[in-house]
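Colleague:
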Amino acid sequence: METRTSAALFARAQRLIPGGVNSPVRAFGSVGGTPRFIARARGARLWDADGNEYLDAVGSWGPMILGHAHPRVLAAVEAALQGGTSFGAPTEREVRLAERVLERYPGCERVRFVNSGTEATMSALRVARGATGRDVIVKFAGNYHGHADALLVAAGSGAMTTGVPSSAGVPKSTAETTLVARYNDLPSVRALFEARPRDIAAVILEPVVGNMGVVVPTPEFLAGLRALTREYGALLIVDEVMTGFRLARGGAVERFGLDADLVCWGKVIGGGLPVGAYGGPAHLMDHVSPLGKVYQAGTLSGNPLAMAAGIATLEVIDETPDLYEVLEARTAQLEQGLRRAAQDAGVPVTLNRVGSMLTVFFTDEPVVDFESASRTDTAAFGRWFHHLLARGVYWPASAFEAAFLSYAHTEADIQAMVAAAREAFFALAE
Ligand code: PLP
């Protein structure tokens, strides 16, 4: 496969942009090799700067649920474009997108649009702290909620450790207000509440984890979190940035019947443009400025192009009654094909999937939390990844990410992916 143009662009980019990329995982750091510079995309396919074609299993890390360059989304953005790109004033499109979002989440009465998932979770935390008058938050090891200081904290050594920043530049004092529990382990959360019964403003979680690879919550864990947060007067923040509008019309909240206090969105809600949002009942969201004392603002928030892409995406979802069925069926087809191929090649893997999110862990143990995810063989993954890439399948470039399918992936596309993966597994086993 010719990659000279990508390599030249990467060399230029590295002289200009830290690591040559504007978001770290794009640099192929954990798998090595040259990141492909993408020139264009349509449906389930990407083309790189050298003209190579790939079947895409990344979907821009989640937003592209309809596939790339969906004609309705393009038309909506083009129409918005003609009217001007930003006004810094309210617009009808913001109202229309707010209606579409809130109608899907009956527990939410108000929504505020921001520009990224990071802004959404960061702002939801501020609301939780403002509304409860408490400072401490609980997150789960291996859950990623964007790069705000308070959330760049993970437990290197398992559950119940106080925050150790997982990035330089995060003040120790900030990390200390973030407690880390273990996913799917209710006692680890209870212990934190028992130690700090009146300090914890909120528990934030990924309702299906995508960011240590796909990890599925047990129903007891979800129900227990709701009960514990209630018992101690803390809020439950459900980070639906990956799962919202993807696992069901009403995301994981609908799929699992969750009772969230605050919900965060991103990715699909912007149809591929930079959008995030957070929402909840009026009594919480009315703390947000200008009504309340929790300040949050944005020059480009509610941007007309981004709102147009979001509205079009949610409209198409609504007009496609078999969307979630098809996504489920196609991703199950991929899961089964990958499982069989790995077995035939004698490569031990654990496949975790919910709806159209899927991870192949290179381990034969069940993966239920950060520790078990960490036991995946990253070197084997890296080799498998490059065998796939060479065969025209663009898989997430990290052992700890979710692959995402779209409605544009056909049965034949999945067969082609499975055929490439089969060869990749056999190449590994050689
Ligand atoms: N929350 C979750 C669950 C995410 O997966 C991500 C990004 O991957 C974020 C928050 C941050 O979103 P963004 O990258 O748009 O800032």
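Residue numbers (our numbering): 1126 to 1555. Where a beta carbon is used, it is the ideal one built from N, C-alpha and C, also for glycine. Bear in mind the structure is a predicted one, so any value in this text is a computation, not a measurement.
Going by CA-CA distance only, name the one from Gly1369, Phe1212, Val1493 and Ala1554 that's closest to aspartate 1310.
Modeller: Ranking Gly1369, Phe1212, Val1493 and Ala1554 by Cα distance to aspartate 1310 puts Val1493 first.
Colleague: What is the rounded straight-line gap between the Cα of alanine 1275 and the Cα of tyrosine 1269?
Modeller: Roughly 11 Å separates the two Cα atoms.
Colleague: Look up histidine 1412 in the DSSP assignment and say whether it is helix, strand or coil.
Modeller: Coil, per DSSP.
Colleague: Given a threshold of 16 other Cβ atoms within 10 Å of its Cβ, counted over all protein chains shown, does histidine 1408 qualify as buried or as exposed?
Modeller: It counts as exposed.
Colleague: Alpha carbon to alpha carbon, how far is threonine 1130 from lysine 1418?
Modeller: Going by the C-alpha atoms only, they are around 51 Å apart.
Colleague: Tell me which residues share the same chain as glycine 1067 and place their Cβ nearer than 7 Å to its Cβ, disregarding the 5 neighbours each side in the sequence.
Modeller: The requested residue 1067 is not part of the displayed model; the chain covers only 1126 to 1555.
Colleague: If contact is defined by three or more beta carbon pairs under 8 Å, each pair taking one atom from either stretch, is the region 1394 to 1412 in contact with the region 1178 to 1190?
Modeller: Result yes; three or more Cβ-Cβ pairs closer than 8 Å.
Colleague: Identify whether isoleucine 1262 lies in helix, strand or coil by the three-state DSSP scheme.
Modeller: In the structure shown, isoleucine 1262 sits in a strand (DSSP, three-state: E or B).
Colleague: Starting from aspartate 1089, follow its DSSP beta bridges and name the residues at the other end.
Modeller: Past the edges of the chain, shown from 1126 to 1555, lies residue 1089, and the structure says nothing about it.
Colleague: Indicate, with yes or no, if ligand 1 has a heavy atom lying under 8 Å from the CB of alanine 1182.
Modeller: Not under cutoff, so the answer is no.
Colleague: Compare the C-alpha of leucine 1383 against each of Gly1391, Gly1405 and Ala1326 and name the closest.
Modeller: Checking every option, the nearest Cα to that of leucine 1383 belongs to Gly1405.
Colleague: Below 8 Å, is the gap between the Cβ of methionine 1244 and the nearest heavy atom of ligand 1?
Modeller: The sequence given here has glutamate at residue 1244, not methionine. Yes, ligand 1 has a heavy atom inside 8 Å of this Cβ.
Colleague: Taking one C-beta from the region 1493 to 1513 and one from the region 1451 to 1459 each time, how about it: are there three or more such pairs within less than 8 Å?
Modeller: As far as the Cβ criterion goes, the region 1493 to 1513 does not touch the region 1451 to 1459, which means the pair count is below three.
Colleague: Which one of Gly1391, Val1333 and Ala1434 has the shortest CA to CA distance from glycine 1267?
Modeller: Answer by Cα proximity: Val1333.
Colleague: To the nearest angstrom, report how far apart methionine 1432 and valine 1472 are at their CA atoms.
Modeller: Cα to Cα, the separation comes out at about 45 Å.
Colleague: With a 10 Å radius around its C-beta and 16 neighbouring C-beta atoms as the bar for buried, classify alanine 1352 as buried or exposed.
Modeller: With fewer than 16 Cβ atoms within 10 Å of its Cβ, alanine 1352 is classed as exposed.
Colleague: Tyrosine 1403 by DSSP, collapsed to three states: which one?
Modeller: Residue state, collapsed to three classes: strand.
Colleague: Determine, using beta-carbon pairs with one atom in the region 1456 to 1473 and one in the region 1533 to 1549, whether at least three such pairs fall under 8 Å.
Modeller: Yes, they touch.
Colleague: Mapping the DSSP letters down to three states, classify alanine 1284 as helix, strand or coil.
Modeller: With a pLDDT of 31 at alanine 1284, under the threshold of 50, the predicted position of this residue should be treated as unreliable, and no value is reported.
Colleague: What distance in whole Å lies between the Cβ atoms of phenylalanine 1510 and valine 1156, which are believed to be in contact at a cut-off of 8 Å?
Modeller: Rounded, the Cβ-Cβ distance is 5 Å, consistent with contact.
Colleague: So what does DSSP say about histidine 1511, is it helix, strand or coil?
Modeller: The answer is helix: DSSP assigns histidine 1511 an H, G or I state.
Colleague: If you draw a straight line from the alpha carbon of lysine 1297 to that of valine 1278, how long is it in whole angstroms?
Modeller: If I take the Cα positions, the gap works out to 10 Å.
Colleague: If we count Cβ pairs, one from each stretch, closer than 8 Å, do we get three or more for the region 1216 to 1236 versus the region 1302 to 1318?
Modeller: No: the two stretches stay apart, fewer than three of their Cβ pairs being nearer than 8 Å.
Colleague: Looking only at DSSP bridge pairs, what is aspartate 1181 linked to?
Modeller: Answer is Tyr1519, bridged to aspartate 1181.
Colleague: Count the other CB atoms, across all protein chains shown, that sit within 10 Å of the CB of phenylalanine 1153; report buried if there are 16 or more and exposed otherwise.
Modeller: Phenylalanine 1153 should be labelled buried.
Colleague: Assign glycine 1391 to one of two classes, buried (16 or more other C-beta atoms within 10 Å of its C-beta) or exposed (fewer than that).
Modeller: It is buried - the Cβ of glycine 1391 has at least 16 other Cβ atoms within 10 Å.
Colleague: Grab me the residues of alanine 1201's own chain with a C-beta within less than 6 Å of its C-beta, minus the 5 sequence neighbours each way, in chain order.
Modeller: Contacts found: Ala1433 and Ala1437.
Colleague: Alpha carbon to alpha carbon, how far is leucine 1317 from glycine 1283? Give it in angstroms, no decimals.
Modeller: Because the pLDDT at glycine 1283 is just 34, under 50, the model does not fix this residue reliably, and the value given afterwards should be weighed accordingly. About 13 Å.
Colleague: Can you list, in chain order, the residues of its chain with a C-beta nearer than 7 Å to that of glutamine 1139? Leave out the 5 residues immediately preceding and following it.
Modeller: So the qualifying residues of the chain are Gly1145.
Colleague: Note the first and the last residue of the continuous alpha helix (DSSP H) segment covering methionine 1542.
Modeller: Looking at the DSSP string, the run of the alpha helix (DSSP H) that includes methionine 1542 is 1536 to 1554.
Colleague: Rounded to the nearest angstrom, what separates alanine 1293 and glycine 1208 at their Cα positions?
Modeller: If I take the Cα positions, the gap works out to 43 Å.
Colleague: Using a Cβ-based criterion (distance less than 8 Å to any ligand heavy atom), does tyrosine 1269 qualify as near ligand 1?
Modeller: Yes, the Cβ of tyrosine 1269 comes within 8 Å of a heavy atom of ligand 1.
Colleague: What is the DSSP secondary structure of aspartate 1386, counted as helix, strand or coil?
Modeller: Looking at aspartate 1386 - three-state DSSP - the assignment turns out to be coil, as it is neither helix nor strand.
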